[in-house]
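Visitor:
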Amino acid sequence: MSSMNLSPHEILTAVEEELKATPFIDIHTHLFQPSLGENGLWGIDNLITYHYLEAELFRSSRITPAEYFGLSRREKANAIWRALFVENAPVSEATRGVVAVLKAFGLPVEGPDLGPAREFFENQPLDAHISRVFRLAGIDEAVMTNDPLDPNEAPLWERAGADPRFHAALRLDRILEKWDEHWRILESQGYRVDAGAGGGSMSEVRRFLAEWFRRMRPVYMAVSLSDAFRFPEDSVRARLLGEAVLPSCREFDIPLSLMIGVRRLVNPALRLAGDAAGRADMRAVETLCREYPDNRFLVSVLSRENQYELCVYARKFSNLMPFGCWWFLNNPSIVEEITRERLEMLGTSFIPQHSDARILEQTIYKWRNTRRTMAPILANCYRLMSEDGRPATREDIRRDIVRLFRSNFQRFVGIAK
Ligand code: FIX
Ligand code: ZN
Numbered sequence: 026m027s028s029m030n031l032s033p034h035e036i037l038t039a040v041e042e043e044l045k046a047t048p049f050i051d052i053h054t055h056l057f058q059p060s061l062g063e064n065g066l067w068g069i070d071n072l073i074t075y076h077y078l079e080a081e082l083f084r085s086s087r088i089t090p091a092e093y094f095g096l097s098r099r100e101k102a103n104a105i106w107r108a109l110f111v112e113n114a115p116v117s118e119a120t121r122g123v124v125a126v127l128k129a130f131g132l133p134v135e136g137p138d139l140g141p142a143r144e145f146f147e148n149q150p151l152d153a154h155i156s157r158v159f160r161l162a163g164i165d166e167a168v169m170t171n172d173p174l175d176p177n178e179a180p181l182w183e184r185a186g187a188d189p190r191f192h193a194a195l196r197l198d199r200i201l202e203k204w205d206e207h208w209r210i211l212e213s214q215g216y217r218v219d220a221g222a223g224g225g226s227m228s229e230v231r232r233f234l235a236e237w238f239r240r241m242r243p244v245y246m247a248v249s250l251s252d253a254f255r256f257p258e259d260s261v262r263a264r265l266l267g268e269a270v271l272p273s274c275r276e277f278d279i280p281l282s283l284m285i286g287v288r289r290l291v292n293p294a295l296r297l298a299g300d301a302a303g304r305a306d307m308r309a310v311e312t313l314c315r316e317y318p319d320n321r322f323l324v325s326v327l328s329r330e331n332q333y334e335l336c337v338y339a340r341k342f343s344n345l346m347p348f349g350c351w352w353f354l355n356n357p358s359i360v361e362e363i364t365r366e367r368l369e370m371l372g373t374s375f376i377p378q379h380s381d382a383r384i385l386e387q388t389i390y391k392w393r394n395t396r397r398t399m400a401p402i403l404a405n406c407y408r409l410m411s412e413d414g415r416p417a418t419r420e421d422i423r424r425d426i427v428r429l430f431r432s433n434f435q436r437f438v439g440i441a442k
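All you need for the working numbering is the position in the sequence shown, starting with 1, plus 25.
#1: For Phe238, tell me which candidate among Gly215, Arg275, Asp425 and Lys203 has the shortest Cα-Cα distance.
#2: Roughly how many angstroms lie between the CA atoms of Thr364 and Gln332, to the nearest whole one?
#3: Using the Cβ count rule (16 or more neighbours within 10 Å means buried), how would you classify Ala11?
#4: Measuring straight from C-alpha to C-alpha, what distance separates Asn344 and Arg428?
#5: Over the uninterrupted beta strand (DSSP E) stretch that includes Leu409, give me the two end residues.
#6: Where do the N-terminal and C-terminal ends of the beta strand (DSSP E) with Ala194 fall, by residue?
#7: Which two residues bound the contiguous beta strand (DSSP E) that contains Ile50?
#8: Between Met26 and Glu63, what straight-line distance do the alpha-carbon atoms span, to the nearest angstrom?
#9: Using the C-alpha atoms, what's the distance from Gly414 back to Glu118?
#10: Count the other CB atoms within 10 Å of the CB of Arg431; is the residue buried (16 or more) or exposed (fewer)?
#11: If contacts are defined as beta-carbon pairs under 8 Å, then Thr418 and Ser28 qualify, I think. What distance do you get, rounded to the angstrom?
#12: Let's see if you can read the secondary structure: which residues bound the beta strand (DSSP E) around Val326?
#13: With Val40 as the anchor, note down where its beta strand (DSSP E) starts and where it stops.
#14: Closest to Arg289 by CA distance: which of Ser249, Pro257, Cys314 and Glu316 is it?
#15: What's the call for Asn292, buried or exposed, on a 16-neighbour Cβ count within 10 Å?
#16: How long is the line joining the alpha carbons of His55 and Met307, rounded to whole angstroms?
#17: Do Leu385 and Ile155 have their CB atoms nearer than 8 Å?
#18: Write down every uninterrupted run of the alpha helix (DSSP H) in the stretch 204-290 whose length is 4 residues or greater and which is fully enclosed by it, in chain order.
#19: If you follow the alpha helix (DSSP H) that Pro115 is in, where does it begin and where does it stop?
#20: For the putative contact between Gln387 and Cys350, defined by C-beta atoms under 8 Å, what is the C-beta separation to the nearest angstrom?
#21: Please determine, among Asp300, Glu361, Val123 and Ala179, the residue with the shortest C-alpha to C-alpha distance to Leu403.
#22: For the alpha helix (DSSP H) containing Pro141, list its first residue and its last residue.
#23: Within the stretch 289-376, note down every full beta strand (DSSP E) run reaching 3 residues or more, in order along the chain.
#24: Specify, as a first and last residue, the run of the alpha helix (DSSP H) that Ile105 falls within.
#25: Which partner residues does Val168 have in the DSSP bridge list?
#26: Assign Thr418 to one of three DSSP states: helix, strand, or coil.
#27: Per DSSP, which one or two residues make a beta bridge with Ile384?
#28: For Ala302, tell me which candidate among His53, Leu371 and Ile285 has the shortest Cα-Cα distance.
#29: Could you check whether Ala167 and Asp51 sit closer than 8 Å to each other, using their CB atoms as the reference points?
#30: Determine the DSSP secondary structure at Asn177, reduced to helix, strand or coil.
#31: Cβ of Thr443 within 7 Å of any heavy atom in the ligand ZN?
#32: Can you pull the DSSP bridge partners for Asn30?
#33: Please go through the same chain and pick out, in chain order, the residues whose beta-carbon is closer than 8 Å to the beta-carbon of Met169, but skip the five residues on each side of it.
#34: Can you give the beta carbon distance from Ala309 to Phe342, rounded, assuming they're within the 8 Å contact cut?
#35: Check this for me: beta carbons of Leu354 and Arg329, under 8 Å apart or not?
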């Protein structure tokens, strides 16, 4: 490939080609390596009953949540398919995603019958299917979400083994956000902790984290936090964070990922689809980055209004790595706005996106959409740069895309080759 300067009309194609050619690392998903069994979701009925689509169902059907949640998985998928794909055109981001996945496998994308899709997915051997899906999605590694207090997952780690396609992330929500419901589980496992997280609880939680670090080899620890998250504050959560989690992250030399701004179960009847978003006080992030300079923080914020402050703080603290357009932000209009702002304020020193896929094949549409949205945004940056006097080359573009979608993450978590 030549290092010749690109003319303005060559830039977009060069960006599109490099985006296509670069395998991305998906830094936050809810996927699981096959050895973690049934936790890993895939296939058509799981795709159609994704909680993003469940939320949309209740806006376009008369079915009630109580009726819906009484159905089998297959009946639920039938109900959603009918309401969102047959009786309406699938124009929302989440419904178009299902269409794109069906299309990627050459399956029918309309009609009342999910039979051909069901038959196709039932006949895929999982391990090879994962590799095929990753190829179609243009990713080669994905980070899981692994909660050591999840009864469906924890026992499987005894013999989970390693899978080069997956990295673990040690998720702390149950410990940090619901200590009162979970400290007894730690106690029953031989850790000397108590309800108020007093006495030797902090060193015991560090011992628990060390044991799980040994087992999972996570690339980071992670927690999702509400819009009411404050730090410092007089709470069990703040003490656990400052005296157990952050020292453990330093000990193992891994970052802590903070996903801030989720308001869980504002409508409990919708279950997983019942969460909402709220604006957080970003001074908590400021304090953490300043007071814990030997810790590294991956941060994603759910509120649109918090995005600008996150960029400002990233300019102040190099131990802060903004990542992703999380959940309700992962729509082209908002991704475009946030990504342009980040490029303008941070250059290429951030991680533009993660998929948050819960169902394996979602990686196909989510990453395709990311590439589609990114291409004109990046091309515009190089066009402006050329206009200002510094021509763009193919090498610039390739290096920047590798940095954004691979090496910023690898370096930040410490797995750079
Ligand atoms: O907390 C999280 O990791 C969230 O991403 C999920 O809980 C959420 O339900 C989701 O799937 C968003 O995309
Ligand atoms: Zn998530």
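Here a beta-carbon is modelled for each residue, glycine too, at the ideal position from N, C-alpha and C.
Guide: By the coordinates alone:
#1: The shortest C-alpha separation from Phe238 is found at Arg275.
#2: Between Thr364 and Gln332, the C-alpha separation is close to 10 Å.
#3: Since the first residue shown for the chain is 26 and the last is 442, residue 11 is missing from the structure and cannot be characterised.
#4: Rounded to the nearest angstrom, the gap between the Cα atoms of Asn344 and Arg428 is 17 Å.
#5: Not the beta strand (DSSP E): Leu409 falls in the alpha helix (DSSP H), residues Gln387 to Glu412.
#6: According to the DSSP assignment, Ala194 belongs to the beta strand (DSSP E) that extends over Ala194 to Arg196.
#7: Counting along the chain, the unbroken beta strand (DSSP E) around Ile50 starts and ends at Phe49 to Asp51.
#8: At Met26 the pLDDT is 46, less than 50, meaning the model places this residue with poor confidence; the figure from the coordinates comes in the next sentence. Taking C-alpha positions only, Met26 is separated from Glu63 by approximately 45 Å.
#9: Distance between the alpha carbons of Glu118 and Gly414: 38 Å.
#10: By the neighbour-count criterion, in which a residue is buried when 16 or more other Cβ atoms sit within 10 angstroms of its Cβ, Arg431 is buried.
#11: In this structure Thr418 is in contact with Ser28, their Cβ atoms being roughly 5 Å apart against a cut-off of 8 Å.
#12: Per DSSP, Val326 belongs to the beta strand (DSSP E) from Phe322 to Val326.
#13: Looking at the DSSP string, Val40 is not in any beta strand (DSSP E); the run it does join, the alpha helix (DSSP H), is Pro33 to Ala46.
#14: Of the listed residues, the one whose Cα sits closest to Arg289 is Ser249.
#15: The residue is exposed, with fewer than 16 neighbouring Cβ atoms inside 10 Å.
#16: If you draw a straight line from the Cα of His55 to the Cα of Met307, it is about 26 Å long.
#17: In this structure, Ile155 lies closer than 8 Å to Leu385 by Cβ.
#18: Unbroken alpha helix (DSSP H) stretches of 4 residues or longer found wholly inside the stretch 204-290: 204-213, 226-241, 261-265 and 271-277, given in chain order.
#19: Here Pro115 belongs to no alpha helix (DSSP H), and DSSP marks it neither H nor E.
#20: The pair is not a contact, with the Cβ atoms about 15 Å apart (cut-off 8 Å).
#21: It is Glu361.
#22: Residues Gly140 to Glu147.
#23: Counting only runs that start and end inside the stretch 289-376, the beta strand (DSSP E) elements of at least 3 residues fall at 322-326 and 345-347.
#24: Boundaries of the alpha helix (DSSP H) harbouring Ile105: Arg98 to Ile105, taken from the DSSP string.
#25: Answer by DSSP bridge pairing, in chain order: His192.
#26: Thr418: strand per DSSP, three-state reduction.
#27: For Ile384, which the question treats as bridged, DSSP gives the partners Leu66.
#28: Considering only alpha carbons, the answer is Ile285.
#29: Cβ distance < 8 Å, so Asp51 and Ala167 count as in contact.
#30: DSSP places Asn177 in coil when its eight states are reduced to three.
#31: Residue 443 is absent from the structure shown; the chain starts at 26 and stops at 442.
#32: Thr418.
#33: The residues are Thr54, His55, Leu56, Phe57, Gln58, Leu61, Phe191, His192, Ala193 and Ala194.
#34: Cβ-Cβ separation between Ala309 and Phe342: approximately 13 Å, too far for a contact (criterion under 8 Å).
#35: Cβ distance < 8 Å, so Leu354 and Arg329 count as in contact.
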